[in-house]
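Below: the structure, in structure tokens.
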Amino acid sequence: MMQKEFKPIDMRYEEAELRSNRRSRSSISRTIDRVWAFFSSVKVGLWLIGLIILASGVGTIFPQEMYIPQNLPPAEYYQKEYGSAGLLYYTLGFHRLFESWWYIGLITLLLLSIIIVSIDRFFPLYRALKKQPVIRTKRFMDGQRFGASASGSQDQIDGLEPLLKKKGYKVKRKDGALFAEKQRFGRYGPYINHIGLVLFFGGAMLRVVPGMHADELIWLREGDTLPIQATDSQYYLKSDAFNLEFYDPKKENAKFQEALERAGSNVPKNYETELRLYERTGTLENGKPKLEEVKSGSTEVNHPFTFGDYQVFQEQYASEPEFISMSFDIMNQKTGKPVDSIKIDLRDPKQEYDLKEGYKVELIDFFPDFVVEDGVPNTKSARLINPAYVFNITSPEHPKGERSLVGIRMNVGGDDNQYAMEFAGTEFADISGLRVKKDLTLPFLYVGGIIFMAGLIIGMYWPHRRLWVRSENGQVEIAGYTNKNALALQKEANHALTAVGLPELEDRQKLREEGETA
Amino acid sequence: MDKKKQTTEERLHKASDGKKKRSFWRLMIMTMVLFAGAVVIMQFIEQATRDKNGRVIAGDDAPDFALVDLYGEKQHTLKDYEGEGLLLNFWGTFCEPCKKEMPLINKNYGAMKDQGVDFVAVNVGETPIRVSNFIKDIGGTDYPILMDTDSSVEKAYGIYNLPVTFVINKDGEVIEKYEGEIDQAKLDELIAKAKK
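For the record, the sequence lines run as chains E and U. To convert, take the position in the first sequence, counting from 1, and add 37; that gives our numbering. To convert, take the position in the second sequence, counting from 1, and add 688; that gives our numbering.
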């Protein structure tokens, strides 16, 4: 059989005229159209994607500014760590690449490109697919990749209808001609995908809008109440307790015993902070905030404490706890018997402690982080790490008092004294590192991501299949179309065609290629 | 004939209207996307001029405070100093340069006030016992020593190094943040700035 020359028709947009090809008359409109046409080019979009990938790659050569240690200024850090290449990296502003105006600019242009490309293609395609005629021209039929032609009857065409319907095709008839179609929505997959992309990028950009995103680390000592800056100090957090549990190698599964013993005894099993949330409702007369309890609960690793749009994660803890109180016995060194005892609240120590009749302890000085500098007692910081005290003990025997400098494993000037302060006990407060987070952009990212995937799946797994059949002067012309998986269309169509005695679909493209090679 | 001509004209008119509308929407879409991009860029640029750790730097509005002085006599707030220049100093007894600069500042305090500039020293969360002993040792100060007992003001200003002095103008705006010991020349310079 002689094969006519096959001239394929580009079916991607159903021969619809793309919007960007339409031209306006006035000069302003023409300028707008020209810009529009530029961005409607898929080639431009691919270039933008390429540039963004390249830029993102450059951004990962050295760490970004937010990931470098903060003890050095960035300029020095990059030079010290990565030499002159690092300095160049810093000078060119690559240390803040993902926040740079040109990177955001590229993303914006890509977004614009995606939107324009989609508008330009989706609407003409949609209209073309909506108003499909049942009877197509000969040129159209011959231009399809799949087709067949043979002498046949109207009855054979009529017989196709129920067979194709059974396969899930929607069948339309006109003047004896037949048009069957299924899964048209598969053609819209890329555009659904683009909507997802736009939502995703838009959501990521929303992060800079004030109030959409917050991230703050708070060091909270047991018993303390601190404002959450991310809430503009509207909310305060109080730590009631910090609980830390270590793995006990003896009690664990034998499998892990060796590893735990190798790591030492300090492998934390769980740590959590019991929290109380307060809302600031006003200001007290002394200028302190007026707080009202809103909620209480606990936060442990991976199980954040939540309020409103905020999440409080247990992130870390200070390795050294701080002292919060110390107790002392006042000993009569002659008799070796205690006279009385006191407890000092180290966060707000009193200056005088009255004991039983005739006895009194005065706190003359207090060093929270004791050190001796140039022979003089001093404190290294305001942190309660190594407390030391200057006491003056007044007793009936010594009405003027006896002085001593008392610290951890230290009692200076107390040896000759009759009365001495003897360490009796202490209370510690752990310091918990809490991460307060809020991200209102997440729903955009999730929804965008889901729509993106849905578009991808629709486009991949639901091929658009169509079949046109018409007869003219006893000759039956058949044409088939699919945008994916040609074999499946052939199988589906051939099954129906052979059942009514019509010829199978030929792959004209394949035939042509074979003809060329022969 | 006449009727048909009109319909053609009408159709042309309609088509041109459609084109105008299309141009309008195209322009709108492009403008909106580019505008959104520009807003994001502006936000990043603005954030870059702010300190990334939330520390107060020059150009920021000074955060308000309400602190009682060492002797529990009076509560001082930022508002009390509105309309005059203010040097807001943070210090600790454990900070050697603080110890050195304090007598010098005290000596200049009277002259400073005559020029309309006040000086306030906020202690960073130490106990009154330690602070009063320290102040006694350096011979007392005429300017107020404020006690930031719960370190909330220290946190609000994001203090890392001591001493640090914020120059605040009469509108409550931070003009300069100076970290380090103040000597006579520096003090004169800061006073001059606060006066403006």
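Where a beta carbon is used, it is the ideal one built from N, C-alpha and C, also for glycine. Here the structure is a predicted model, which is why all the values come from computation and not from measurement.
- Under a 10 Å Cβ-count criterion, M716 (chain U) is classified as exposed, with fewer than 16 other Cβ atoms of the shown protein chains found around its own Cβ.
- When C-alpha distances from H501 (chain E) are compared across E:K287, E:A525 and E:Q512, the shortest belongs to E:A525.
- By the C-beta density criterion, W73 (chain E) is buried, having at least 16 other C-beta atoms within 10 angstroms.
- Straight-line measurement puts the Cα of V246 (chain E) at about 19 Å from the Cα of T719 (chain U).
- One alpha carbon belongs to E322 (chain E), the other to E770 (chain U), and they sit about 20 Å apart.
- Put simply, the CB of D467 (chain E) is far from chain U, with every gap to its CB atoms at 9 Å or more.
- Cβ contact annotation for D252 (chain E) (same chain, cutoff 6 Å, sequence separation greater than five): K474, in chain order.
- With a cutoff of 9 Å on beta-carbon distance, V744 (chain U) and F822 (chain U) are scored as not near each other.
- At a cut-off of 9 Å between beta-carbon atoms, D476 (chain E) makes no contact with chain U.
- Proximity of P405 (chain E) to chain U, defined by a Cβ-Cβ separation below 9 Å, is satisfied.
- Contact with chain U is absent for E113 (chain E), since none of that chain's Cβ atoms lies less than 9 Å from the residue's Cβ.
- In its chain, beyond the 5 residues on either side, F131 and L134 have a beta carbon closer than 7 Å to the beta carbon of V95 (chain E).
- At a cut-off of 9 Å between C-beta atoms, A750 (chain U) does not count as an interface residue with respect to chain E.
- Contact with chain U is found for R133 (chain E), since one of that chain's Cβ atoms lies less than 9 Å from the residue's Cβ.
- Taking a Cβ-Cβ cut-off of 7 Å, the neighbours of P386 (chain E) in chain U comprise T815 and I817, given in sequence order.
- Nearest CB-CB separation between N849 (chain U) and chain E: not below the 9 Å threshold.
- Our two residues, I445 (chain E) and D277 (chain E), have alpha carbons roughly 27 Å apart in a direct line.
- Using a Cβ-Cβ cut-off of 7 Å, F854 (chain U) is close to nothing in chain E; its nearest Cβ partner there is about 18 Å away.
- Per DSSP, reduced to three states, the secondary structure at M249 (chain E) is coil, with no helix or strand assignment.
- Ranking E:A217, E:G184 and E:Y483 by CA distance to the CA of F43 (chain E) puts E:G184 first.
- Residue pairing by DSSP places V862 (chain U) opposite U:I856 in a beta bridge.
- Of the residues U:D705, U:K708, U:L774 and U:G706, the one whose Cα lies closest to the Cα of E864 (chain U) is U:L774.
- The residue among E:E54, E:S66 and E:I151 with its C-alpha nearest the C-alpha of K80 (chain E) is E:I151.
- For N796 (chain U), the three-state secondary structure derived from DSSP is helix.
- Residue pairing of S378 (chain E) in beta bridges, as defined by DSSP: E:D366.
- What G725 (chain U) touches in chain E, judged by beta-carbon distance under 9 Å, is I141, G142, I144, T145, L146, L148, L149 and M242, going in chain order.
- Y845 (chain U) and D768 (chain U) have their alpha carbons spaced roughly 18 Å apart.
- Residue nearest to F222 (chain E) within the set E:R503, E:A530 and E:N531 is E:R503 (criterion: CA-CA distance).
- By the rule that beta-carbons nearer than 9 Å mark a contact, F76 (chain E) touches chain U.
- At a cut-off of 9 Å between C-beta atoms, K707 (chain U) counts as an interface residue with respect to chain E.
- Assignment of N454 (chain E) by DSSP, reduced to helix, strand and coil, places it in the coil class.
- Not one beta carbon of chain U lies nearer than 9 Å to the beta carbon of G248 (chain E).
- Of all residues in the stretch 773–805 of chain U, those with a C-beta nearer than 9 Å to a C-beta of chain E are G780, T781, F782 and E784, reading in chain order.
- Just measuring C-alpha positions, the residue of E:R507, E:T519, E:G517 and E:L479 sitting nearest L236 (chain E) is E:L479.
- The beta carbon of P305 (chain E) lies closer than 8 Å to those of L281, E282, F283 and Y284 in the same chain, with the five residues before and after it left out.
- Boundaries of the beta strand (DSSP E) around H764 (chain U): Q763 to T765.
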